[in-house]
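Enquirer: Quick note, the sequence shown lines up with residues 1383 to 1661 if you use the numbering used here. This is the structure I have questions about; it appears just below.
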Amino acid sequence: MNRSRVAAPAWGLLKIGITVLIVFPFIFILLLSFRSMTDIFRNPLGLTGNWVPENFERAWNGPPGGTGFANYFFNSIIVVIVAVVVSAVVGAVAAYFVSLLPARWRARVLMIPLIATIIPTLALLIPFFQVFNAWGLINNPVALGVLYAGLSLPMTMLILHAFFVDFPHELREAAAIDGLGHLATFSRIVVPLSQPSLLAVSLLNLIWVWGETQIAIVLMQKAASQTIPVGVLTFQSAFRSELGPIFAGLSLATLPLMAIYFVFNKTISRGVSMGGTFR
């Protein structure tokens, strides 16, 4: 009893500490988005000094020569939709049919996406640029979304496979008795029962695609095709650096992700942990 009384407050303090560590960066970025350049360098953690709400207006309108935050937001939406949908569809089909293989072959096939997850993205950046340039796909948000789908496909397969491999054989056998093939069984039975896992992996991919910068800054060179992370960075160059609008743009870019996560955080946790549900 005494241990439980001591453990409960300690566990509560630990959760509060973890929450503060997670939330503090977002609060810090939001505070800096209201500061002037002088105050950011002089006293970044202080609450005194000049408050510059105009940073959000400048971030929304974009730097000179830019197209504005609304255009960056639209491009990011296009890239996210293409990447998330393609990755979810292809990854789900691949993971399901891999789960039907015998255990020995399944382990060998899964080594392919497992190895793919450890390859650094920067090592593939030059080949990506050469292919995009040769095919005339530079500054094409749809092509960038397809590339992101391919990069997120290995992790999508691994997460969904953990769910599909434990799917009840009885349901598949009943579907076969009713005359359904593998594709019909997958689309009519497996997919409806896999919605939490599909939604979870889609949200994880969305978060990664939304903030990806290294590839987008190389392949999306024109202002009209740039996504939010690349567009925000245009406030910084070799001869000028406008940190206030940059932090304001980061705040605007973070708000949709925070809203999505707070709405679907339980779905993400439940979907990722659903492997082994049917054992």
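Beta carbons are placed, not taken as given, at the ideal position from N, Cα and C, and that holds for glycine.
When you compare only the Cα positions, how much space is there between glycine 1527 and aspartate 1421?
Expert: Counted from its first residue, the sequence shown places residue 1527 at position 145. Counted from its first residue, the sequence shown places residue 1421 at position 39. So the alpha carbons of these two residues sit roughly 38 Å apart.
Enquirer: Comparing C-alpha positions only, which one of Leu1413, Trp1487, Ser1623, Thr1503 sits nearest to glycine 1532?
Expert: What you label residue 1532 is simply residue 150 of the sequence shown in a count that begins at 1. Residue Thr1503 is the option with its Cα nearest to glycine 1532.
Enquirer: Under the assumption that threonine 1616 contacts alanine 1598 (Cβ atoms under 8 Å), give the Cβ distance between them as a whole number of angstroms.
Expert: On the sequence shown, position 234 is the one that residue 1616 refers to. On the sequence shown, position 216 is the one that residue 1598 refers to. About 12 Å separates the two Cβ atoms, so there is no contact after all.
Enquirer: For serine 1418, name the three-state secondary structure that DSSP assigns.
Expert: Looking up residue 1418 in the sequence shown gives position 36. Three-state DSSP puts serine 1418 in coil, outside helix and strand.
Enquirer: Nearest CA to the CA of arginine 1440: which residue from Phe1451, Arg1570, Gly1431?
Expert: Locating residue 1440 in the sequence shown gives position 58, counting from the first residue. Taking arginine 1440 as reference, the option from Phe1451, Arg1570, Gly1431 with the minimal CA-CA separation is Phe1451.
Enquirer: Could you tell me how far apart the beta carbons of serine 1579 and phenylalanine 1545 are, in whole angstroms, since I believe they sit closer than 8 Å?
Expert: Residue numbering aside, residue 1579 sits at position 197 when the sequence shown is read from its first letter. Residue numbering aside, residue 1545 sits at position 163 when the sequence shown is read from its first letter. Correct: roughly 5 Å between the Cβ atoms.
Enquirer: According to the neighbour-count rule (16 or more other Cβ atoms, all chains shown, within 10 Å of its Cβ), is asparagine 1432 buried or exposed?
Expert: Taking the first residue of the sequence shown as position 1, residue 1432 is located at position 50. Its Cβ having fewer than 16 others within 10 Å, asparagine 1432 is exposed.
Enquirer: In this structure, does DSSP put serine 1534 in helix, strand or coil?
Expert: Here residue 1534 is taken as the residue at index 152 of the sequence shown, counted from 1. DSSP places serine 1534 in helix when its eight states are reduced to three.
Enquirer: So what does DSSP say about serine 1623, is it helix, strand or coil?
Expert: Here residue 1623 is taken as the residue at index 241 of the sequence shown, counted from 1. If DSSP states are grouped into helix, strand and coil, serine 1623 belongs with the strands.
Enquirer: Return the bridge partner residues of tryptophan 1517 from the DSSP annotation.
Expert: Numbered from its first residue, the sequence shown carries residue 1517 at position 135. Paired residue(s): none; tryptophan 1517 is not in a bridge.
Enquirer: Look up tryptophan 1433 in the DSSP assignment and give the residues it is bridged to.
Expert: Here residue 1433 refers to the residue found at position 51 when the sequence shown is read from its first residue. Tryptophan 1433 pairs with Arg1417.
Enquirer: Please tell me whether proline 1495 and leucine 1540 are closer than 8 Å, where the distance is taken between their beta carbons.
Expert: Looking up residue 1495 in the sequence shown gives position 113. Looking up residue 1540 in the sequence shown gives position 158. Against a cut-off of 8 Å, the Cβ pair of leucine 1540 and proline 1495 comes out as a contact.
Enquirer: If distances are taken between C-alpha atoms only, which option among Ala1630, Met1537, Phe1629, Asn1587 comes closest to isoleucine 1642?
Expert: Translated into positions along the sequence shown, residue 1642 becomes position 260. Of Ala1630, Met1537, Phe1629, Asn1587, the residue nearest in Cα terms is Asn1587.
Enquirer: To the nearest angstrom, how far is the alpha carbon of leucine 1482 from that of phenylalanine 1629?
Expert: Sequence index remark: in the sequence shown, residue 1482 carries index 100 (1-based). Sequence index remark: in the sequence shown, residue 1629 carries index 247 (1-based). Answer to the nearest angstrom: the Cα atoms are 48 Å apart.
Enquirer: Measure the C-alpha to C-alpha separation of methionine 1419 and phenylalanine 1410 and round it to an integer number of angstroms.
Expert: On the sequence shown, position 37 is the one that residue 1419 refers to. On the sequence shown, position 28 is the one that residue 1410 refers to. Computed Cα separation, rounded: 15 Å.
Enquirer: What span of residues does the alpha helix (DSSP H) with methionine 1493 cover, start to end?
Expert: Translated into positions along the sequence shown, residue 1493 becomes position 111. First-last of the alpha helix (DSSP H) with methionine 1493: 1485 to 1498.
Enquirer: When the Cα of isoleucine 1571 is compared with those of Leu1553, Val1583, Leu1585, Ala1582, which residue comes out closest?
Expert: Stepping through the sequence shown from its first residue, residue 1571 is reached at position 189. With distances taken between Cα atoms, isoleucine 1571 lies closest to Leu1553.
Enquirer: Tell me glutamine 1618's beta-bridge partners as DSSP assigns them.
Expert: Taking the sequence shown and counting its residues from 1, one reaches residue 1618 at position 236. Residue pairing of glutamine 1618 in beta bridges, as defined by DSSP: Ser1623.
Enquirer: Alpha carbon to alpha carbon, what distance is there between arginine 1490 and leucine 1429?
Expert: Here residue 1429 is taken as the residue at index 47 of the sequence shown, counted from 1. Here residue 1490 is taken as the residue at index 108 of the sequence shown, counted from 1. Near 57 Å, if we compare the C-alpha coordinates of arginine 1490 and leucine 1429.
Enquirer: From the DSSP output, in three-state form, read off glutamine 1596 for me.
Expert: In the sequence shown, the residue the question calls residue 1596 occupies position 214. If DSSP states are grouped into helix, strand and coil, glutamine 1596 belongs with coil.
Enquirer: Go through its chain and collect everything with a Cβ distance to leucine 1414's Cβ below 8 Å, but skip five positions before and after it.
Expert: The count along the sequence shown starts at 1 and reaches residue 1414 at position 32. Taken in chain order, the residues that qualify are Ile1422, Pro1426, Leu1625, Gly1626, Phe1629.
Enquirer: Do serine 1458 and serine 1534 have their beta-carbon atoms positioned less than 8 Å apart in this structure?
Expert: Position 152 of the sequence shown, counted from the start, is the residue given in the question as residue 1534. Position 76 of the sequence shown, counted from the start, is the residue given in the question as residue 1458. No, these two residues do not count as a Cβ contact at 8 Å.
Enquirer: What is the rounded straight-line gap between the Cα of glycine 1444 and the Cα of alanine 1606?
Expert: The residue labelled residue 1444 in the question sits at position 62 within the sequence shown. The residue labelled residue 1606 in the question sits at position 224 within the sequence shown. If I take the Cα positions, the gap works out to 11 Å.
Enquirer: Tell me the DSSP secondary structure of glycine 1450 in three-state form.
Expert: Within the sequence shown, the letter at position 68 stands for residue 1450. Residue state, collapsed to three classes: coil.
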